[in-house]
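Here the structure comes first, spelled out in structure tokens, and everything after it is commentary.
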């Protein structure tokens with residue numbers, strides 16, 4: 001079945017769904033409304049939308065088909081007049097399956113012995129038997145295949161990595177079988193190997209163009225207008241994967257932290273290209289994102305609370321700072337700080353701007369013959385997940401922490417303060433020599 005193009009809008013009393021389905025017979029249209037679920041079927045199209053509130057299929061509801069334009073307009077009455085339906089422009093969220101409230105169906109089989117009698121006997125005799133929690137068994141791995149990407153949902157994308165010109169892959173030919181701990185070790189080692197003291201000192205001494213980049217401000221960060229998605233962005237959202245992401249609270253926490261690293265690389269490319277992507281933009285974004293180049297996203301394994309803390313946000317920023325100082329064309333600590341502020345602003349503005357940034361990143365990667373793979377295993381799922389599951393309150397909380405976080409140069413591990421002092425000393429010495 002084909003999912004048609006559609007748009008949604010609302011009035012005080014109704015929700016209006018406009019569906020493009022040319023060359024159909026109006027008599028064959030089947031529309032069904034079940035609380036907040038709308039189903040439309042007319043061969044060869046099928047559309048199922050889940051709204052934030054319930055709708056009614058009453059006498060005020062209607063469906064009109066215009067054979068000239070090919071648009072079917074469905075008007076449904078709100079259960080409560082004046083109720084605001086959220087996220088009608090987030091098409092992927094509307095297409096997501098309706099969440100079920102019931103848990104998994106588990107059948108409890110009775111044992112041969114009468115467990116109830118045993119329990120009564122234990123209570124009667126007040127047995128005080130020693131109890132001990134079972135020991136965790138080591139995980140059993142029956143395959144060398146490792147999973148990666150968003151929620152570790154993907155595998156097999158790098159089986160032929162030796163036959164592609166993937167310059168950002170830091171795991172070599174063993175990318176499909178490399179465990180998470182080894183990925184992190186290889187990433188840090190690669191950063192240390194790529195670190196160039198002379199390159200950093202040269203950019204620190206001659207920073208005229210970097211100062212121009214620092215003074216640039218993204219138009220979408222200073223705009224106060226409501227975001228209206230373009231037709232191209234809506235088309236892209238319709239092509240996103242429609243999955244139900246069953247993430248635990250800890251996994252959700254890690255998703256938000258990974259989002260920081262994606263936005264950081266996006267902010268760097270946007271600032272250095274002034275929002276005009278170049279042929280090198282895909283390489284830049286992939287090189288600066290640990291989850292792409294080393295398949296090594298942030299991974300908090302133990303946590304007592306879902307709340308974010310300043311220390312862990314700072315730790316994530318350190319990994320992004322290191323990559324900005326080791327890989328791209330402009331390697332400046334001040335430029336990394338500017339990118340941090342950009343990410344904080346994006347998060348504080350909410351998920352609509354965030355979705356636009358992710359869609360721009362997706363477009364850059366999709367048009368690259370090699371790095372499109374990172375769009376498939378990361379960005380596509382992020383675009384869908386943010387629409388369906390991200391919270392503006394959580395994003396704002398994370399953005400405020402980003403604003404407060406302070407990365408000190410000594411935490412990078414490359415003696416930045418000593419190098420800057422040596423650069424200033426050498427520069428002053430040259431100036432004095434010229435004066436003489």
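In full-length UniProt numbering, the protein residues as written are 1 to 436.
Quick reminder that beta carbons are idealized off the backbone N, C-alpha and C, glycines included.
By Cβ distance below 8 Å, which residues in the same chain neighbour residue i in space, the five residues on each side in sequence not counted?
i, result
"residue 9", "15, 16, 18, 88"
"residue 58", "77"
"residue 346", "221, 263, 267, 353, 354, 357, 399"
"residue 53", "36, 78, 79, 80, 83, 85"
"residue 241", "380, 381, 384"
Among residues of its own chain, excluding the 5 on either side of residue i, which ones have a beta-carbon nearer than 7 Å to its beta-carbon?
i, result
"residue 13", "77, 78, 81"
"residue 7", "18"
"residue 358", "379, 382, 383, 386"
"residue 183", "171, 294, 295, 296"
"residue 178", "146, 171"
"residue 43", "28"
"residue 75", "14, 16, 61, 62"
"residue 374", "286, 292, 365"
"residue 326", "191, 194, 195"
Would you mind sorting residue i into buried or exposed? The rule is 16 or more other CB atoms within 10 Å of its CB.
i, result
"residue 2", "exposed"
"residue 156", "exposed"
"residue 97", "exposed"
"residue 342", "buried"
"residue 32", "exposed"
"residue 338", "buried"
"residue 258", "buried"
"residue 164", "exposed"
"residue 283", "buried"
"residue 321", "buried"
"residue 413", "exposed"
"residue 186", "buried"
"residue 68", "exposed"
"residue 223", "exposed"
"residue 95", "buried"
"residue 4", "buried"
Does the distance from the CB of residue i to the CB of residue j come in under 9 Å?
i, j, result
"residue 275", "residue 328", "no"
"residue 38", "residue 48", "yes"
"residue 294", "residue 153", "no"
"residue 499", "residue 55", "In the structure as shown, the chain starts at 1 and stops at 436, and residue 499 therefore has no counterpart that could be examined."
"residue 151", "residue 251", "yes"
"residue 238", "residue 354", "no"
"residue 277", "residue 269", "yes"
"residue 404", "residue 310", "yes"
"residue 256", "residue 394", "yes"
"residue 300", "residue 292", "no"
"residue 323", "residue 229", "no"
"residue 213", "residue 272", "yes"
"residue 419", "residue 197", "yes"
"residue 390", "residue 349", "no"
Can you give me the Cβ contacts of residue i inside the same chain, cut-off strictly under 6 Å, excluding the 5 residues immediately before and after it?
i, result
"residue 385", "245"
"residue 203", "331, 332"
"residue 406", "none"
"residue 260", "316"
"residue 505", "Since the displayed the chain opens at 1 and closes at 436, residue 505 lies outside it and no answer follows."
"residue 336", "321, 324"
"residue 40", "31, 47"
According to DSSP, what are the bridge partners of residue i?
i, result
"residue 45", "2, 42"
"residue 31", "40"
"residue 471", "It is not possible to answer for residue 471, since the shown part of the chain is limited to 1 through 436."
"residue 63", "74"
"residue 154", "148"
"residue 19", "6, 72"
"residue 14", "77"
"residue 358", "Its beta-bridge partners do not exist; DSSP assigns none."
"residue 56", "77"
Can you check whether the C-beta of residue i is within less than 9 Å of a C-beta belonging to chain C?
i, result
"residue 73", "Annotation note: the requested chain C is absent from the structure, which comprises a single protein chain."
Practice task
Evaluate the contact criterion for the segment 329-344 versus the segment 367-382: three or more CB pairs, one atom per stretch, below 8 Å.
Solution key: Touching, no, given that fewer than three Cβ pairs across the two stretches are closer than 8 Å.
Handout entry: Contact the segment 361-379 vs the segment 393-401: 3+ CB pairs below 8 Å
Key = By the C-beta criterion, the segment 361-379 is judged not to be in contact with the segment 393-401, since fewer than 3 inter-stretch pairs fall below 8 Å.
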